[in-house]
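Below is one structure, written out as structure tokens, with a few remarks after it.
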Amino acid sequence: MHKQGLSYYVLCFLALGITGYSIFVYGFMPLGSVVHPDMRANFQAHSSIVYVHIFASSVALLCGALQFSIQLRTLHPQVHRWLGRIYLMVGVLSGGLAGRAMAQTAYGGMVSRLGFSGLALLWLFSGLRAYLAICRGHVKEHQQWMQRNYALTCAAITLRIYLPVSMVGGIAFDIAYPLIAWLCWVPNLIFVEWIIRRQRNLI
Ligand code: HEM
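Our numbering puts the first residue of the sequence shown at 1, with every later residue one more than the last.
Written as structure tokens, this is what we have:
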């Protein structure tokens with residue numbers, strides 16, 4: 001059996017950290033406590049969608065990290081299948097539809113709204129492609145679409161790294177946020193495409 005690399009454990013640590021942050025802040029604090037005041041009012045006006053998005057997407061972030069465990073896939077394929085269904089149905093489908101709805105009113109104007117909408121639509125699309133591939137028994141294709149899909153899920157991690165970095169760098173929030181709405185996922189997708197191509201060349 002292949003050994004899991006260090007990068008996998010780093011990914012799990014980050015996924016767990018962001019899930020913990022989301023559950024703590026949105027489960028135990030008043031809605032919008034830690035976001036920009038303009039975002040807070042908007043979150044309070046659409047509270048159910050915000051809660052669905054955050055808790056469903058957290059399920060995706062956590063289950064998705066486990067799904068890349070080689071041990072889980074080979075020793076407990078049944079658990080892998082069930083977690084996969086939860087990942088797609090609860091995480092990507094509910095989290096993505098709610099994320100798409102939130103994108104329409106996202107802070108930062110049209111640039112942010114298009115950035116988050118693109119992320120939501122590609123998240124839903126890549127999840128559907130991964131599901132259809134496995135229904136047809138195309139395992140390799142399924143894996144590649146899941147790699148793309150999870151790279152998009154990791155926008156939750158990159159966004160929460162870039163935001164404090166932009167603040168430390170002294171970039172105004174209303175300039176940084178629309179840029180980050182794109183930067184949180186486009187480089188992830190380019191990176192995962194590079195990994196997929198490299199894996200193809202090794203086969
Ligand atoms: C991958 C597809 C995703 C899309 C399209 C998306 C979209 C959005 C949008 C549009 C907002 C509101 C921004 C605003 O009103 O200005 C938001 C906020 C948020 N999202 Fe997502 N998101 C995604 C993934 C995730 C994941 C996987 C998590 C997992 C934890 C997550 C957790 C949150 C949280 C906690 C907020 C509230 C803002 C904050 O506290 O930082 N999102 N998301």
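We put the CB at the ideal spot given by N, CA and C, even for glycine.
Just so it is clear, the structure is predicted and the values come from calculations on it, not from any experiment.
Shown here, I134 sits in a helix according to DSSP, grouped into three states. Taken from the Cβ of M39, at least one heavy atom of the ligand HEM lies inside 6 angstroms.
V52 sits close to A98, with the two beta carbons spaced by under 7 angstroms.
DSSP places K3 outside both helix and strand once states are collapsed to three, so it counts as coil. According to the DSSP assignment, I175 belongs to the alpha helix (DSSP H) that extends over F173 to L183. In this structure N201 is exposed. Its beta-carbon is surrounded by fewer than 16 other beta-carbon atoms within 10 angstroms. With distances taken between CA atoms, C12 lies nearest to L61 out of L61, L189 and R198. In the structure shown, G109 falls within a helical segment according to DSSP collapsed to helix, strand and coil.
Under the three-state reduction of DSSP, H36 is assigned to coil, being neither helix nor strand.
In terms of side-chain proximity, the C-beta atom of S58 is found nearer than 6 angstroms to a non-hydrogen atom of the ligand HEM.
The beta carbon of E141 sits closer than 6 angstroms to the beta carbons of A133 from its chain, once the five residues preceding and following it are set aside; these are given in chain order.
Counting the other Cβ atoms within 10 Å of the Cβ of F24 gives fewer than 16, which makes it exposed.
For the 7 angstroms CB-CB criterion, W185 and L163 do not form a contact. Of the residues P37, F68, Y87 and L75, the one whose Cα lies closest to the Cα of S57 is Y87. Taking the Cα positions, R198 is about 26 angstroms away from L159.
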